[in-house]
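Chains P and L, in that order, are what the protein sequence lines are. The first sequence runs 152 to 352 under our numbering. The second sequence runs 7 to 200 under our numbering. Don't be surprised by glycine CBs; every beta carbon is placed ideally from N, CA and C. Structure, as structure tokens:
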Amino acid sequence: MNLQSAQLQLLGAHQYFETQSAGYQTWGKVNFLRIALRAGKDQILISHPDKPLSEQTLADFQLLPLRGETFYQKIFFWRSGINAVLLTYQEYASQVKETIPPILDDQAQLLGVNVRIARKEIDILCTLFGRYATILGNGQSICIGNSLEDAFVAAQLLEKTSKAFIEAKVLGGAKSINIIEAWAMQQFYLLKYSKEASKNK
Amino acid sequence: MDIREARKIVCSSGQRLVREGLIARTWGNVSIKVNDRQMIITPSGRKYDELTPEDMVLVDIYTLKYEGIKPSSELKLHCEIYKTRPHIRSVIHTHQMYASIVAAAQKGVEVINPEHQRILGGKVIRSAPYALPNSRAITVDTAKAIGSSNAALMANHGAVCIGVDMEDTFHVAKTLEAACEAFIEHKKHQKYGS
Chain P
152 MNLQSAQLQL LGAHQYFETQ SAGYQTWGKV NFLRIALRAG KDQILISHPD KPLSEQTLAD
212 FQLLPLRGET FYQKIFFWRS GINAVLLTYQ EYASQVKETI PPILDDQAQL LGVNVRIARK
272 EIDILCTLFG RYATILGNGQ SICIGNSLED AFVAAQLLEK TSKAFIEAKV LGGAKSINII
332 EAWAMQQFYL LKYSKEASKN K
Chain L
7 MDIREARKIV CSSGQRLVRE GLIARTWGNV SIKVNDRQMI ITPSGRKYDE LTPEDMVLVD
67 IYTLKYEGIK PSSELKLHCE IYKTRPHIRS VIHTHQMYAS IVAAAQKGVE VINPEHQRIL
127 GGKVIRSAPY ALPNSRAITV DTAKAIGSSN AALMANHGAV CIGVDMEDTF HVAKTLEAAC
187 EAFIEHKKHQ KYGS
């Protein structure tokens, strides 16, 4: 994605989230706090940290070099396939204080073998390793994807998984899928199923 | 049922699944039985909002043969249901929220509301044990878990709902969601009080 496309996507992100969120109403509330997009080979474009997304203009966006000390820069630098990073605050994910094991097939396929907690900012790259979502110690979450759409779905699925994990406690707790099978499902999703949208025509 | 009409219904039903929050993205699948030997089912891995009726796949229920676009990978489950429950004309597989919570706990649902019992066809909706998606085990065990009712949970996966037509099947899916939510609330009440 070049800088101009990244700017356009960032400008339209709020409206995109609004229209897409309708189908996820029973999954819990997801608030999008900050968006970062890869903009060309060596830069990232990031939204304003404090202003609501709906009020932001081009002047609010910050262009950062790919190499740097923020966790956004580190994620883009070390995960070359990642083009979108979302910082969120989510109704159910914010209540989770422990690793969520693989409890749903769609979680395993899209988010990875489990969802881990990053207690400190320095842990984020590690807790995201081979995964697409992590919950932070302060209750916020980071969801990543190959595109803004992928990262958005990761955020929604993190909320569904967190809700299932919390609400199932009253039923005796969610039961984990075998972690090897969860890994195999993620590989199947990444290598085969996710490519069918373009191949199966 | 006319095949062209069935393609239209299946296509719009896939989009409705997303709109009503019963699935996300490309997950889930929908089918209609068009005659004693064939069904129309949604294709594999495609986004519902990009599909047209022509993308829906005609499949032989007994041989699993099809032409053109690859059908949903869960087609074996749909075929098994049509074979074991001949009067059923429509099947939908969802990843709906409250059914997923109960499925994650690998429990069946005690259906509390008598109206829900009538629509779902039983006082308990069973959960099929966990098995890998598209496996022989998930097909056989899920059809068995449905039994004579109109729905089953699939452990750690989602739910499958059946009906005499698509509208009826959607009604079953929405009722299952309400029944699962009521079951969870009932358990909370038992555990924590009001």
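Query: Contact list for the segment 148-166 of chain L against chain P, Cβ threshold 7 angstroms; Result: N162 and H163
Query: Proximity test, Cβ basis, 8 angstroms: Y243 of chain P and chain L; Result: no
Query: Beta-carbon proximity check, A266 of chain P vs L309 of chain P, cutoff 8 angstroms; Result: Correcting the residue identity first, residue 266 of chain P is Val in this sequence and not Ala. Cβ atoms of V266 of chain P and L309 of chain P: closer than 8 angstroms.
Query: Collapsed DSSP secondary structure at E116 of chain L in the structure displayed; Result: strand
Query: 4-residue-minimum alpha helix (DSSP H) runs that sit fully inside the segment 52-130 of chain L, ordered along the chain; Result: 81-90, 103-110 and 120-126
Query: Span of the beta strand (DSSP E), counted from its first residue to its last, around S141 of chain L; Result: Unbroken run through S141 of chain L: none, as it is neither H nor E.
Query: Beta-carbon contacts of K225 of chain P that lie in its chain and below 6 angstroms, excluding the five residues immediately before and after; Result: L276
Query: Residue burial classification, E169 of chain P (beta-carbon count within 10 angstroms, cutoff 16); Result: exposed
Query: When P:I293, P:S298, P:Y240 and P:P253 are compared against N153 of chain P, the one with the closest alpha-carbon; Result: P:S298
Query: Given 8 angstroms, three or more beta-carbon pairs between the segment 14-25 of chain L and the segment 50-68 of chain L; Result: yes
Query: Cβ separation of P92 of chain L and I47 of chain L, assumed to be a contact under 8 angstroms, to the nearest whole Å; Result: With a Cβ gap of about 18 angstroms, P92 of chain L and I47 of chain L do not count as contacting.
Query: Extent of the continuous beta strand (DSSP E) run through G164 of chain L; Result: G164 to G169
Query: Own chain partners of L209 of chain P with C-beta closer than 8 angstroms, once the 5 adjacent residues on each side are dropped; Result: Q158 and L162
Query: Identified DSSP bridge partners for M160 of chain L; Result: L:A134 and L:G164
Query: For R22 of chain L, the first and last residue of its enclosing alpha helix (DSSP H); Result: I9 to R25
Query: Test: K352 of chain P CB closer than 8 angstroms to a CB of chain L; Result: yes
Query: DSSP-derived helix/strand/coil call for L261 of chain P; Result: helix
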